[in-house]
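Chains as they are written, first to last, in this note's numbering: chain A, 27 to 189; chain B, 27 to 189.
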DNA sequence: GCTGGATAGTTTAGGTCTAAAGCAATTGGA
DNA sequence: TCCAATTGCTTTAGACCTAAACTATCCAGC
């Protein structure tokens with residue numbers, strides 16, 4: 027009999043006196059639980075989520091991307107992309123070429139090995155996520171997806187209102 | 027007229043060929059959007075989310091907590107708690123006392139200043155979260171909260187099944 | 001042509017987090 | 001009693017991330 031433990035929420039109980047905060051803490055606990063689980067499984071293969079994200083973006087852009095484009099695609103800072111790409115290049119998964127059009131820019135592309143590595147990781151990643159949401163039927167997923175869409179719109183509006 | 031920009035999702039389009047992954051990416055983008063927004067606003071007050079989390083746990087436990095209890099409450103590693111608490115102590119927001127019962131353990135408590143600081147931050151934090159979900163009505167929030175409950179259970183089950 | 005902003009990337013300083021190794025104190029048996 | 005495993009915590013090495021300062025290049029308008 028496999029033991030099923032509930033995912034705990036940060037500050038269980040505390041801070042949660044407002045419905046909005048309760049919602050936020052539950053959202054956060056779900057996201058962190060999945061992220062840590064995936065992170066842990068990537069680590070078991072000597073990979074990390076951040077590097078996987080870079081490879082995924084590049085796999086989709088065969089023509090290559092420059093650093094700024096990567097930064098925007100991954101929603102992380104410029105400096106962070108520099109670090110990740112330089113390490114991936116050292117490991118032989120990507121190649122950095124100067125841009126012919128703009129001498130400030132460089133173009134990052136997957137190497138054959140990078141593409142092969144990514145393919146293996148992506149398949150596993152798919153399966154892991156599938157496994158984590160396996161207990162929700164199609165309708166429940168649809169409801170959640172739609173509800174998150176509402177939240178997304180609300181966040182965008184809320185961010186536009188600066189304090 | 028305030029401009030409302032949509033929250034972007036990582037890998038917009040790519041990787042999202044499976045409904046489970048699409049759901050995960052949307053969940054992640056919502057969580058990250060809120061987290062970064064809150065992080066940014068904390069930074070504007072010279073605070074950080076991680077330190078706030080520690081203060082929140084301690085505020086709830088007037089009698090004090092030892093390091094292990096903090097680690098479990100915040101869902102972070104032991105070593106991380108050590109770092110955070112030592113810096114908070116240096117800043118005069120918490121006090122570390124040796125445990126009378128167990129000489130290995132120490133008991134962490136808020137100082138008066140820590141309690142006051144936390145109160146201010148907590149009120150602001152509440153308001154920020156309220157603002158971000160303001161565009162969802164009570165029913166929409168309830169649906170999302172419930173749907174996240176389903177997901178939470180599914181994750182717990184999925185994690186029990188090791189690959 | 002020049003020149004003063006924009007733009008592309010890198011560097012730096014610093015905060016967050018983890019896993020794993022290590023230290024000291026405690027505790028449960030033999 | 002004693003000693004081996006456990007427990008509480010710290011340290012270390014390393015990955016991730018950001019904001020801000022910096023360098024180099026581009027480009028638009030004079």
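Beta carbons: idealized from backbone N, C-alpha and C, even for Gly.
For residue 91 of chain A, the residue or residues it bridges with in DSSP:
BP columns for residue 91 of chain A point to A/134.
Beta-bridge pairing of residue 121 of chain A - partner residues as DSSP gives them
Under DSSP, residue 121 of chain A takes part in a beta bridge, and its partners are A/135.
DSSP-derived helix/strand/coil call for residue 36 of chain A
Residue 36 of chain A: coil per DSSP, three-state reduction.
Determine, using beta carbons only, whether residue 79 of chain A comes closer than 8 Å to chain B.
It does; some Cβ of chain B falls within 8 Å.
Any beta-carbon of chain B closer than 8 Å to the one on residue 147 of chain A?
Contacts with chain B at 8 Å (Cβ-Cβ) do not include residue 147 of chain A.
Whole angstroms is fine: what's the gap from residue 126 of chain B's alpha carbon to residue 36 of chain A's?
Straight-line Cα distance between these residues: approximately 28 Å.
Does chain A have any CB closer than 8 Å to the CB of residue 138 of chain B?
Interface annotation, residue 138 of chain B: not in contact with chain A, CB-CB separation never under 8 Å.
How long is the line joining the alpha carbons of residue 90 of chain A and residue 133 of chain A, rounded to whole angstroms?
Cα to Cα, the separation comes out at about 6 Å.
In the structure shown, what three-state DSSP assignment does residue 129 of chain A receive?
Of the three classes helix, strand and coil, the one that applies to residue 129 of chain A here is coil, per DSSP.
Nearest neighbour of residue 148 of chain A, chosen from A/107, A/48, A/78, A/173 [CA to CA]
Cα-wise, what sits closest to residue 148 of chain A is A/78.
Per-residue contacts from residue 36 of chain A into chain B (C-beta, under 7 Å):
Listed along chain B are 79, 100, 101, each with a C-beta nearer than 7 Å to that of residue 36 of chain A.
When the Cβ atoms of the stretch 154-174 of chain B are set against those of the stretch 49-60 of chain A, are three or more pairs found closer than 8 Å?
With the cut-off at 8 Å, the stretch 154-174 of chain B and the stretch 49-60 of chain A touch.
Keeping to the same chain, check which residues put their C-beta closer than 8 Å to that of residue 114 of chain A; ignore five residues upstream and five downstream.
Closer than 8 Å at Cβ, skipping near neighbours: 77, 80, 81, 120, 140.
In whole angstroms, what separates the C-alpha of residue 92 of chain A from that of residue 131 of chain A?
Using only the alpha carbons, I get a separation of about 7 Å.
Tell me the residue span of the alpha helix (DSSP H) that contains residue 46 of chain A.
Counting along the chain, residue 46 of chain A sits inside the alpha helix (DSSP H) bounded by residues 45-69.
What is the C-beta distance between residue 45 of chain A and residue 86 of chain B, in whole angstroms, given that I count them as a contact (C-beta under 8 Å)?
A Cβ-Cβ distance of about 19 Å is found for the pair residue 45 of chain A and residue 86 of chain B, leaving them out of contact under the 8 Å criterion.
Close-in-space but distant-in-sequence residues of the same chain around residue 84 of chain B (CB under 6 Å, 5 per side omitted)
Excluding sequence neighbours, residue 84 of chain B sits near 136.
What residues in its chain sit with their C-beta under 7 Å from that of residue 110 of chain A, if we drop five residues either side in the sequence?
Same-chain partners within the cutoff: 76, 77, 80.
Would residue 94 of chain B and residue 104 of chain B be called neighbours here (beta carbons separated by less than 8 Å)?
A Cβ-Cβ contact shorter than 8 Å links residue 94 of chain B with residue 104 of chain B.
Rounded separation between residue 96 of chain A and residue 122 of chain B - CA only
Taking the straight line from one Cα to the other gives about 44 Å.
Residues in its own chain within less than 8 Å of residue 108 of chain B by CB, not counting five upstream and five downstream?
Excluding residues within five positions, the ones whose Cβ falls inside 8 Å are 93.
Please state whether the Cβ-Cβ distance between residue 255 of chain A and residue 54 of chain B is less than 8 Å.
Not covered by the structure: residue 255 of chain A. The range shown for chain A is 27 to 189.
Got a sec: is the Cβ-Cβ distance from residue 28 of chain B to anything in chain A below 8 Å?
For residue 28 of chain B, the pLDDT reaches just 42, beneath the cut-off of 50, and the residue's location in the model is therefore unreliable, although a value from the coordinates is still provided. For residue 28 of chain B, the answer is yes, since a Cβ of chain A falls inside 8 Å of its Cβ.
In whole angstroms, what separates the C-alpha of residue 146 of chain B from that of residue 72 of chain B?
When rounded, the distance between both Cα atoms is 12 Å.
Between the Cα of residue 154 of chain A and the Cα atoms of A/143, A/68, A/129, which residue gives the shortest distance?
Nearest C-alpha to residue 154 of chain A: A/68.
Residue range of the alpha helix (DSSP H) that includes residue 73 of chain B
Per DSSP, residue 73 of chain B belongs to no alpha helix (DSSP H) and is neither H nor E.
Round the Cβ separation of residue 101 of chain B and residue 66 of chain A to the nearest angstrom and send it over; I've been treating them as touching at under 8 Å.
Not a contact, Cβ separation roughly 14 Å.
How about residue 65 of chain B: is its C-beta nearer than 8 Å to some C-beta of chain A?
Residue 65 of chain B does not count as touching chain A.
To the nearest whole angstrom, what separates the beta carbons of residue 169 of chain A and residue 99 of chain B, a pair I think is in contact under 8 Å?
Contact between residue 169 of chain A and residue 99 of chain B fails: their C-beta atoms lie close to 31 Å from each other, not under 8 Å.
Contact list for residue 162 of chain A against chain B, beta-carbon separation under 7 Å
By Cβ distance, chain B contributes 176, 177, 180.
Tell me the rounded alpha-carbon separation between residue 59 of chain B and residue 176 of chain B.
As the crow flies, the alpha-carbon of residue 59 of chain B is around 22 Å from that of residue 176 of chain B.
For the alpha helix (DSSP H) containing residue 177 of chain B, name the first residue and the last one.
Counting along the chain, the unbroken alpha helix (DSSP H) around residue 177 of chain B starts and ends at 164-186.
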